[in-house]
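Before any comments, here is the structure.
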Amino acid sequence: MSIELKGISKKFGEVTAVNSVNFSVNDGELVGLLGPSGGGKTTVLRMIAGLELPTEGDIFIRGQRVNDVPVQQRNIGFVFQSYALFKNMSVFKNIAFGLKIKKWKKADAETRVAELIQLFGLSGLEKRFPHQLSGGQRQRVAIARALAPKPSVLLLDEPFGAVDAKIRQELREWLVTLHHDLNVTTIFVTHDQEEAMEVSNRIVIFSKGNLEQIGTPREVYEQPANEFVARFVGVMNVLDTEVRGGVARLNELQFPSNGHADGARLRIGFRPYAVQVSNDLSLLPYRAVLRHTFFLGILLRLELELPSGLIVRSRMTKEEYAQQGLEDGREVSFQIKNYRVLASDAAALAPELELQYQPPPTMGENI
Amino acid sequence: MKYERKFNALPGFGLTMGFTLFYLSAIVMIPIGALIVKTLGIPWSEFWRLATTERALAAYKLTFGASLIAALANAVFGTLLAWVLTRYEFPGRRLVDALVDFPFALPTAVAGLTLANLFAANGWLGQYLVPLGIKGAFTPLGVVIALTFVGMPFVVRTLQPVLENFEREVEEASATLGAGRWRTFISVIAPSLLPSIITGFALAFARAIGEYGSIVFISGNLPFKTEIAPYLIVMRLEEYDYAGAMTLAVVLLAFSFVMLAVINVIEQWANKFAK
Numbered sequence: 019m020s021i022e023l024k025g026i027s028k029k030f031g032e033v034t035a036v037n038s039v040n041f042s043v044n045d046g047e048l049v050g051l052l053g054p055s056g057g058g059k060t061t062v063l064r065m066i067a068g069l070e071l072p073t074e075g076d077i078f079i080r081g082q083r084v085n086d087v088p089v090q091q092r093n094i095g096f097v098f099q100s101y102a103l104f105k106n107m108s109v110f111k112n113i114a115f116g117l118k119i120k121k122w123k124k125a126d127a128e129t130r131v132a133e134l135i136q137l138f139g140l141s142g143l144e145k146r147f148p149h150q151l152s153g154g155q156r157q158r159v160a161i162a163r164a165l166a167p168k169p170s171v172l173l174l175d176e177p178f179g180a181v182d183a184k185i186r187q188e189l190r191e192w193l194v195t196l197h198h199d200l201n202v203t204t205i206f207v208t209h210d211q212e213e214a215m216e217v218s219n220r221i222v223i224f225s226k227g228n229l230e231q232i233g234t235p236r237e238v239y240e241q242p243a244n245e246f247v248a249r250f251v252g253v254m255n256v257l258d259t260e261v262r263g264g265v266a267r268l269n270e271l272q273f274p275s276n277g278h279a280d281g282a283r284l285r286i287g288f289r290p291y292a293v294q295v296s297n298d299l300s301l302l303p304y305r306a307v308l309r310h311t312f313f314l315g316i317l318l319r320l321e322l323e324l325p326s327g328l329i330v331r332s333r334m335t336k337e338e339y340a341q342q343g344l345e346d347g348r349e350v351s352f353q354i355k356n357y358r359v360l361a362s363d364a365a366a367l368a369p370e371l372e373l374q375y376q377p378p379p380t381m382g383e384n385i
Numbered sequence: 135m136k137y138e139r140k141f142n143a144l145p146g147f148g149l150t151m152g153f154t155l156f157y158l159s160a161i162v163m164i165p166i167g168a169l170i171v172k173t174l175g176i177p178w179s180e181f182w183r184l185a186t187t188e189r190a191l192a193a194y195k196l197t198f199g200a201s202l203i204a205a206l207a208n209a210v211f212g213t214l215l216a217w218v219l220t221r222y223e224f225p226g227r228r229l230v231d232a233l234v235d236f237p238f239a240l241p242t243a244v245a246g247l248t249l250a251n252l253f254a255a256n257g258w259l260g261q262y263l264v265p266l267g268i269k270g271a272f273t274p275l276g277v278v279i280a281l282t283f284v285g286m287p288f289v290v291r292t293l294q295p296v297l298e299n300f301e302r303e304v305e306e307a308s309a310t311l312g313a314g315r316w317r318t319f320i321s322v323i324a325p326s327l328l329p330s331i332i333t334g335f336a337l338a339f340a341r342a343i344g345e346y347g348s349i350v351f352i353s354g355n356l357p358f359k360t361e362i363a364p365y366l367i368v369m370r371l372e373e374y375d376y377a378g379a380m381t382l383a384v385v386l387l388a389f390s391f392v393m394l395a396v397i398n399v400i401e402q403w404a405n406k407f408a409k
């Protein structure tokens, strides 16, 4: 067990940023802290680093309680969102800074820095200053600098936030490779669910200071612990239905009520992949018009408009779409193959408004 | 060759540039030019004699020496003041912040008078300091005190915005790499502040060289001892010795020009890393 948080809370004045959080990270794991901004994930990362002190609870790094250990002695590497490179130092000196502080022998330090420059593809840039580097290069210098003194944990705050989409993708893949090669315990913070899914061994999901779920990307996607997780990770259709005559209904859509009494309100969620679409109007139970087709790479997202105006999102491969001869404006039939009851009484339905977060459509969605 | 008008998204270059040149000429270049042209009428040997009289040399020494010491003092303590004002919250912070501008607002003659009274042998401070051998009025020390007073806001005000914008994360990065507070200050913060400190120093220095009003009251204006160069110019004028006054003026001008040029070069060098 590399890192363990026990009952960690953090209050800034009256505001509770982190509320009694427990989780642990295994040696060599790559863990993503995911959540909307203001969810407390960065505060958790900063507490592990020692840049913030928890109001309550204990933090252990490699079995040692580190609450009272100052940041300088925690032996962590921290990569800031802004990179926070030393502007007055060259790339070489930036990377060597930690080694100099820790009084490495000059020859050893030089070997170590040269090794990292090689590993990070920064050869030839040793004498450059930060303002002479591209965003991706700065990022790599920041990670190299953090890793130079051989920290027991690498912490990254929104590591890919400040670079453009293509570099972002490269850096993600590169981080996974790097982690694989170095095998250093790594925790990173992100608000991008796709990034967390793609990179992490396990994901810790935060919302409003609470830990909502911890699990592998697959677990949180397929078995979300609650409505928040279900809606935050991946795209989900959400419908508020009411049970009438033993069936949960919203406009023309119907779902078995599973024993809920008439008058009960059920919030039902289903992923786009659970919506099967056909050009044969008699094949599937519901009718709709294909309003928009979004191109997401190998997958397409279909926006279906029901006669009542309700919108349901589906997805389909490019091949199937072509095979069926679909196009915007066509009438189709569809069915919902599986769904979940996200919440099931009036009280639990209340927070709907606060859960409006819709992740933007991205390339690897729902894969 | 035909001059081609280039398209520019920000119109008005011709007009604004024209006005800038006119303004600079009217306010700065023409008076300086006139001074130099007038001086050219003085034969070189005469110029040299007038510029290097013993009294003039003593005055230069005092003016530049005292200005340098005052500007250095302001660079050190102004930095400290700016640091305290931007880094810490304390009761009365806004008041202290406002007080920094006081030397800007106060007529220099009032400042000189006040300081002279404070440091005179029977003044508030002088009555304790003079018995200890610290004479603040009518001595070169008095000149330094007055120049420190008038130059104080420059370093503080140039440094404040830089300190306010300094990324907290850079300091934290240094801490995560194991550096203590002092080490972080020396290796990471100070180099970023240096260009602004030099700028503030240069401004305070330039201001001190030109200062007149406050010093005439506190220095006593004793020739060879506490007489500053600007005061000597006034003396020459009162003696109707226009050639002598202009000679001194040109020497001061040249000195200031060279100093500012040198400081500019240092500033650019220091700025190289502070982007």
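Protein chains in written order, with the numbering used here: chain A, 19 to 385; chain B, 135 to 409.
Positions of the beta carbon are idealized from the N, C-alpha and C atoms, including for glycine.
A quick note: this is a predicted structure, and the numbers were derived from the prediction, not measured.
Practice item. Can you say whether Asn208 of chain B is buried or exposed, counting buried as having 16 or more other CB atoms within 10 angstroms of its CB? Key: Working through the second sequence from its first residue, we reach residue 208 of chain B at position 74. Per the 10 Å Cβ criterion, buried.
**Study point:** DSSP state of Asp363 of chain A mapped onto helix, strand, coil
**Key:** Counted from its first residue, the first sequence places residue 363 of chain A at position 345. Coil.
Point to revise | 8 Å Cβ cutoff, Arg370 of chain B in contact with chain A | key: Residue numbering aside, residue 370 of chain B sits at position 236 when the second sequence is read from its first letter. Judged by the 8 Å Cβ criterion, Arg370 of chain B is not in contact with chain A.
Point to revise | Nearest to Ser201 of chain B (by Cα), restricted to the options B:Ala245, B:Ile323, B:Ile362 | key: Here residue 201 of chain B refers to the residue found at position 67 when the second sequence is read from its first residue. It is B:Ile362.
Check your understanding: Hey, out of A:Ala243, A:Lys118, A:Ala306, whose CA is closest to Glu270 of chain A's CA?
Key -> On the first sequence, position 252 is the one that residue 270 of chain A refers to. Selected option, being the one with the closest Cα: A:Ala306.
Exercise for review: Helix, strand or coil for Val202 of chain A, going by three-state DSSP, please let me know.
Suggested key: In the first sequence, the residue the question calls residue 202 of chain A occupies position 184. Coil at Val202 of chain A, not helix or strand.
Exercise for review: Would you give the residue range spanned by the beta strand (DSSP E) that Val293 of chain A belongs to?
Suggested key: Locating residue 293 of chain A in the first sequence gives position 275, counting from the first residue. That run of the beta strand (DSSP E) goes 293-296.
**Study point:** Contact list for the stretch 82-116 of chain A against chain D, Cβ threshold 9 Å
**Key:** Chain labels in this structure do not include chain D; the protein chains are A and B.
Review point. Checking contacts by CB at 8 Å: is Arg221 of chain B closer than that to chain A?
Key: Here residue 221 of chain B refers to the residue found at position 87 when the second sequence is read from its first residue. For Arg221 of chain B, the answer is no, since every Cβ of chain A falls outside 8 Å of its Cβ.
Review point. For Val159 of chain A versus Leu117 of chain A, is the C-beta spacing smaller than 8 Å?
Key: For the purposes of this step, residue 159 of chain A is taken as the residue at position 141 of the first sequence. For the purposes of this step, residue 117 of chain A is taken as the residue at position 99 of the first sequence. Cβ atoms of Val159 of chain A and Leu117 of chain A: not closer than 8 Å.
Exercise for review: Just the C-alpha distance for Asp258 of chain A and Pro225 of chain B, rounded to the nearest angstrom, thanks.
Suggested key: In the first sequence, the residue the question calls residue 258 of chain A occupies position 240. In the second sequence, the residue the question calls residue 225 of chain B occupies position 91. Their backbone Cα atoms lie some 54 Å apart in a straight line.
Check your understanding: Quick one: does Pro325 of chain A have its CB under 8 Å from some CB of chain B?
Key -> The residue labelled residue 325 of chain A in the question sits at position 307 within the first sequence. Closer than 8 Å: no.
Practice item. Just tell me which of A:Lys59, A:Asp280, A:Ala164, A:Lys111 has its CA closest to the CA of Arg92 of chain A. Key: Position 74 of the first sequence, counted from the first residue, corresponds to residue 92 of chain A. Per the Cα distances, A:Ala164.
Review point. Which residue from B:Trp182, B:Gln294, B:Tyr365 puts its Cα closest to that of Leu215 of chain B?
Key: Sequence index remark: in the second sequence, residue 215 of chain B carries index 81 (1-based). Out of B:Trp182, B:Gln294, B:Tyr365, B:Gln294 has the C-alpha closest to the C-alpha of Leu215 of chain B.
Exercise for review: Within the same chain, show all residues whose beta-carbon is closer than 7 Å to that of Pro369 of chain A, passing over the 5 residues directly before and after it, in chain order.
Suggested key: On the first sequence, residue 369 of chain A is found 351 positions in, with the first residue counted as 1. Low confidence applies to Pro369 of chain A: its pLDDT is 43, below 50, so where it sits in the model is not reliable, and the reading given next is rough at best. Once the five neighbours on either side are set aside, Pro369 of chain A has no close Cβ partner at all.
Exercise for review: Let me know the secondary structure DSSP gives Leu371 of chain A once reduced to three states.
Suggested key: Stepping through the first sequence from its first residue, residue 371 of chain A is reached at position 353. Note that Leu371 of chain A has pLDDT 35, beneath the 50 cutoff, so the model's placement of it is unreliable and no number is given.
Review point. Tell me which same chain residues have a C-beta within less than 8 Å of the C-beta of Arg189 of chain B, skipping the five on either side of it?
Key: Residue 189 of chain B sits at position 55 when you count from the first residue of the second sequence. Contacts found: Pro357, Phe358, Glu361, Leu366.
Review point. Thinking C-beta only, is Gly344 of chain B closer than 8 Å to Gly246 of chain B?
Key: Reading the second sequence from its first residue, position 112 is the one you call residue 246 of chain B. Reading the second sequence from its first residue, position 210 is the one you call residue 344 of chain B. No, these two residues do not count as a Cβ contact at 8 Å.
**Study point:** Through-space distance from Glu191 of chain A to Met215 of chain A, alpha-carbon basis
**Key:** Looking up residue 215 of chain A in the first sequence gives position 197. Looking up residue 191 of chain A in the first sequence gives position 173. Those two C-alpha atoms are separated by around 12 Å.
Point to revise | Other residues of its chain near Leu63 of chain A: CB distance less than 7 Å, five sequence neighbours each side excluded | key: One-based indexing of the first sequence puts residue 63 of chain A at position 45. For Leu63 of chain A, where only same-chain residues beyond five positions count, the Cβ hits under 7 Å are Leu51, Leu173, Asp175, Ile205, Val207.
Check your understanding: Excluding five sequence neighbours on each side, which residues of the same chain lie with their C-beta closer than 8 Å to the C-beta of Ser67 of chain A?
Key -> For the purposes of this step, residue 67 of chain A is identified with residue 49 of the first sequence, where counting begins at 1. According to the sequence as given, residue 67 of chain A is Ala; it is not Ser. Around Ala67 of chain A: Val89, Arg92, Ile94, Phe96, Leu173.
Point to revise | Per DSSP, cross-strand counterpart(s) of Leu229 of chain A | key: On the first sequence, position 211 is the one that residue 229 of chain A refers to. For Leu229 of chain A, which the question treats as bridged, DSSP gives the partners A:Phe224.
Review point. Going straight from the alpha carbon of Ala243 of chain B to that of Ile349 of chain B, what length do you get?
Key: Working through the second sequence from its first residue, we reach residue 243 of chain B at position 109. Working through the second sequence from its first residue, we reach residue 349 of chain B at position 215. Ala243 of chain B and Ile349 of chain B: Cα-Cα distance of roughly 8 Å.
Check your understanding: Of all the CB atoms in chain A, is at least one closer than 8 Å to the CB of Pro325 of chain B?
Key -> The count along the second sequence starts at 1 and reaches residue 325 of chain B at position 191. Interface residue, yes.
Practice item. Determine the direct distance from the alpha carbon of Lys336 of chain A to that of Asn297 of chain A, and round the result to whole angstroms. Key: As a position in the first sequence, residue 297 of chain A is number 279, starting the count at 1. As a position in the first sequence, residue 336 of chain A is number 318, starting the count at 1. Taking the straight line joining both Cα atoms gives about 15 Å.
Practice item. Give a yes or no on whether the minimum CB-CB distance between Ala307 of chain B and chain A is below 8 Å. Key: Against the second sequence, residue 307 of chain B aligns to sequence position 173. It does: the Cβ of Ala307 of chain B has a partner Cβ on chain A nearer than 8 Å.
Point to revise | Within-8 Å CB hit, Lys120 of chain A to chain B | key: For the purposes of this step, residue 120 of chain A is taken as the residue at position 102 of the first sequence. For Lys120 of chain A, the answer is yes, since a Cβ of chain B falls inside 8 Å of its Cβ.
Practice item. Indicate the three-state DSSP secondary structure (helix, strand or coil) for Leu306 of chain A in the structure shown. Key: Working through the first sequence from its first residue, we reach residue 306 of chain A at position 288. Here the sequence assigns Ala to residue 306 of chain A, which means Leu is not the residue at that position. Three-state result, Ala306 of chain A: strand.
Review point. Where do the N-terminal and C-terminal ends of the beta strand (DSSP E) with Thr335 of chain A fall, by residue?
Key: Indexing the first sequence from 1 puts residue 335 of chain A at position 317. Segment 329-335, the beta strand (DSSP E) holding Thr335 of chain A.
Review point. Can you list, in chain order, the residues of its chain whose CB lies under 7 Å from that of Ile354 of chain A, leaving out five sequence neighbours each side?
Key: Taking the first residue of the first sequence as 1, we reach residue 354 of chain A at position 336. Here the set comprises Phe288, Ala292, Val293.
Check your understanding: Taking the alpha-carbon positions, what's the Ser179 of chain B to Val384 of chain B distance?
Key -> Looking up residue 179 of chain B in the second sequence gives position 45. Looking up residue 384 of chain B in the second sequence gives position 250. One C-alpha to the other measures close to 15 Å.
Review point. If you draw a straight line from the C-alpha of Lys269 of chain B to the C-alpha of Leu252 of chain B, how long is it?
Key: Here residue 269 of chain B is taken as the residue at index 135 of the second sequence, counted from 1. Here residue 252 of chain B is taken as the residue at index 118 of the second sequence, counted from 1. C-alpha separation (whole angstroms): 11 Å.
**Study point:** Beta-bridge partners of Glu323 of chain A, as assigned by DSSP
**Key:** As a working mapping, residue 323 of chain A is identified with position 305 in the first sequence. According to DSSP, Glu323 of chain A bridges with A:Val307, A:Ile329.
Point to revise | Ile94 of chain A in three-state terms, based on DSSP | key: Within the first sequence, the letter at position 76 stands for residue 94 of chain A. It is a strand residue.
**Study point:** Member of A:Asn219, A:Asp280, A:Ser27 whose CA lies at the smallest distance from the CA of Arg236 of chain A
**Key:** For the purposes of this step, residue 236 of chain A is identified with residue 218 of the first sequence, where counting begins at 1. Cα-wise, what sits closest to Arg236 of chain A is A:Asn219.
Review point. Are the beta-carbon atoms of Ala250 of chain B and Ala271 of chain B separated by less than 8 Å?
Key: Residue numbering aside, residue 250 of chain B sits at position 116 when the second sequence is read from its first letter. Residue numbering aside, residue 271 of chain B sits at position 137 when the second sequence is read from its first letter. Yes, these two residues count as a Cβ contact at 8 Å.
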